[in-house]
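Read through the structure below, which is laid out as structure tokens, and then see the notes.
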Amino acid sequence: MRRITIILAAIAASACTRNAILELELELPEAAGPVRFALVEVRSGESFDGAWSPESAQSFALTTCQRASPPPTCPDRTLDPSCSQVISVVTGGGAIEAPLAVRIRFCRDPRCAATEDAAATERRFVIERAFYLGRYTQARACIDVVPVTPALDPIRIDRCDVRCRDGVAGMYCRLDGTHFCEE
Amino acid sequence: MRARIARSAFAAALGALVLSAAPGRAQLPDPPERTSETDSARARDAFVHGMELARESRFADALEEFLRSYELSGSPVALFNVASTLRSLGRVSEAQEAFDRLLAMEDLDDAMRRAASEHRADVAARVARVQIEGVPAGSARVAADGRERGSFTSRPIELALDPGEHALELRLDGHLPWRWRGPLDEGSQVSLSARLAPITGSILEEPALWIVVVASAVAGLVIASVAIDQSLQLGARTSPVVVLP
Chain A
659 MRRITIILAA
669 IAASACTRNA
679 ILELELELPE
689 AAGPVRFALV
699 EVRSGESFDG
709 AWSPESAQSF
719 ALTTCQRASP
729 PPTCPDRTLD
739 PSCSQVISVV
749 TGGGAIEAPL
759 AVRIRFCRDP
769 RCAATEDAAA
779 TERRFVIERA
789 FYLGRYTQAR
799 ACIDVVPVTP
809 ALDPIRIDRC
819 DVRCRDGVAG
829 MYCRLDGTHF
839 CEE
Chain B
1320 MRARIARSAF
1330 AAALGALVLS
1340 AAPGRAQLPD
1350 PPERTSETDS
1360 ARARDAFVHG
1370 MELARESRFA
1380 DALEEFLRSY
1390 ELSGSPVALF
1400 NVASTLRSLG
1410 RVSEAQEAFD
1420 RLLAMEDLDD
1430 AMRRAASEHR
1440 ADVAARVARV
1450 QIEGVPAGSA
1460 RVAADGRERG
1470 SFTSRPIELA
1480 LDPGEHALEL
1490 RLDGHLPWRW
1500 RGPLDEGSQV
1510 SLSARLAPIT
1520 GSILEEPALW
1530 IVVVASAVAG
1540 LVIASVAIDQ
1550 SLQLGARTSP
1560 VVVLP
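These protein sequence lines map, in sequence, to chains A and B.
The numbering of the first sequence is the working numbering, which starts it at 659 and goes up by one.
The numbering of the second sequence is the working numbering, which starts it at 1320 and goes up by one.
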């Protein structure tokens, strides 16, 4: 009987598990010659070393894009739907509070499988904190042109630049430093 | 003198109307082994009172007096009047029993024996006889109209009942009670088939039942938790969707 109680309690407790979703907005550049695809990869943590899981990769075709010249800063611009994408990154595990590494590779092949793609350029981002349990968050990354040289230092997106659904101001932390997504 | 009293009672009983609503079945008392003078006097008083009541057609009350008289004295005349009053009340099965006891007495005078024999034949013809068949072996306890009729080991079980509506109940160890209710006509012979369902162990004692109950409860909780879990999970509002490992 005690075992049954423990099992039932565990089952009941498991029902409380929730997840978190980051809606990652990406403004991508126009295609540059044979480079016509962007492969977006995400994983938990700040490291860009080692192999990336192909399961957490999404490929997008690069298209023409209407931009003001010079374009506004990324947080302030209105994204052109023809060249912007939104990826929902879902997590429910223990990496809720960990940073999120985002790598965007520009390739000739959709999966960066062409021979020339071995030397594909890429942009890197690290989102300081992307997820809050049971909340939708939004972060934005803008790449105006296909880079011609590798830029291996990641661009850091501060946790207060990650928008929570409740956030309406220019930054998404309260004066005491807590995030709008935090209770 | 005894014969005269008996004849008077007999005459009174003959003139009585048959009552339809009979009271509870009378238990014939055992006669005393010895009778004191005091008991003889009380028996005589009860008998005389009973006769007065019978003349007033108060047969139920008269029966009580005759029974008391018989219990105190063991007198065949008192027993004759008990039987005759029962007959007048329409309680023919009990009347038959009383007449049988009377006829078993060795010192019965001829006139009373003849009268008793005639009336015994009359009530016997009016008794409804019930045979209960199909009862498994064992000591079966039978009640008629809520009163125990004894334990029966022989088969089929035979009962002698008064005509009229009756409710029977039969109990046998290891079986659910069998019940019957219905009318019995005067002098009828009815055969009833008793189907006694054996008592099996309570279903609550079945381990398989509890296994099913517990398994169902666990399955229900799992389904419920999955449903609740799903309802608590955020759903992606845009696509594509990447799920972090």
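Each residue gets a CB set at the ideal place from its N, CA and C atoms; glycine is no exception.
Bear in mind that the values here come from a model prediction, so they are computed numbers and not experimental data.
Extent of the continuous alpha helix (DSSP H) run through residue 1361(B): 1356-1374
Neighbour flag for residue 792(A) against chain B, beta carbons, 8 Å: yes
Proximity to residue 683(A) [Cα-Cα], best of 799(A), 836(A) and 704(A): 799(A)
Length of the line joining the Cα atoms of residue 679(A) and residue 794(A): 5 Å
Whole-number beta carbon distance between residue 740(A) and residue 723(A), since they are thought to touch under 8 Å: 6 Å
Every unbroken alpha helix (DSSP H) inside the stretch 1469-1556 of chain B [4 residues or more]: 1526-1551
is_contact[residue 1531(B), chain A] using C-beta, thresh 8 Å: no
One or two residues paired with residue 754(A) in a DSSP bridge: Paired residues: none, contrary to the question.
Terminal residues of the beta strand (DSSP E) in which residue 799(A) lies: 794-800
Per DSSP, cross-strand counterpart(s) of residue 695(A): 719(A) and 765(A)
Assumed close pair residue 1354(B), residue 1391(B) - CB separation to whole angstroms, cut-off 8 Å: 7 Å
Separation of residue 1497(B) from residue 1389(B), as counted between CA atoms: 37 Å
Rounded C-alpha distance that separates residue 775(A) from residue 689(A): 15 Å
Residue range of the beta strand (DSSP E) that includes residue 814(A): 813-815
Same chain, Cβ closer than 8 Å to residue 1518(B), neighbours up to 5 away in sequence not counted: 1493, 1494 and 1495
Other residues of its chain near residue 1481(B): CB distance less than 6 Å, five sequence neighbours each side excluded: 1410, 1411 and 1412
Any chain A beta carbon closer than 8 Å to residue 1341(B): Reliability fails at residue 1341(B), whose pLDDT of 39 lies under 50, so the model's placement of it is uncertain and the value that follows must be treated cautiously. No, its Cβ sits nowhere closer than 8 Å to a Cβ of chain A.
Cross-strand partners of residue 1466(B) (DSSP beta bridge): 1463(B)
Contact set for residue 719(A): own chain, Cβ-Cβ below 7 Å, skip 5 residues either direction: 694 and 695
Residue nearest to residue 787(A) in terms of C-alpha spacing, selected from 803(A), 781(A) and 753(A): 753(A)
Residues in the stretch 743-765 of chain A having any Cβ partner in chain B nearer than 9 Å: 743, 744, 745, 746, 747, 748, 749, 750, 751, 753 and 758
Against chain B: residues of the stretch 703-730 of chain A by CB proximity under 7 Å: 711, 714 and 716
is_contact[residue 781(A), chain B] using C-beta, thresh 8 Å: no
Separation of residue 728(A) from residue 816(A), as counted between CA atoms: 24 Å
Below-8 Å beta-carbon distance, residue 1564(B) vs any chain A residue: yes
For residue 1350(B), the nearest candidate out of 1429(B), 1396(B) and 1530(B) (CA to CA): 1396(B)
Helix, strand or coil at residue 735(A) [DSSP, three-state]: coil
Buried/exposed call for residue 1433(B), threshold 16 Cβ in 10 Å: exposed
Cutoff 8 Å: residue 701(A) Cβ touching any chain B Cβ: yes
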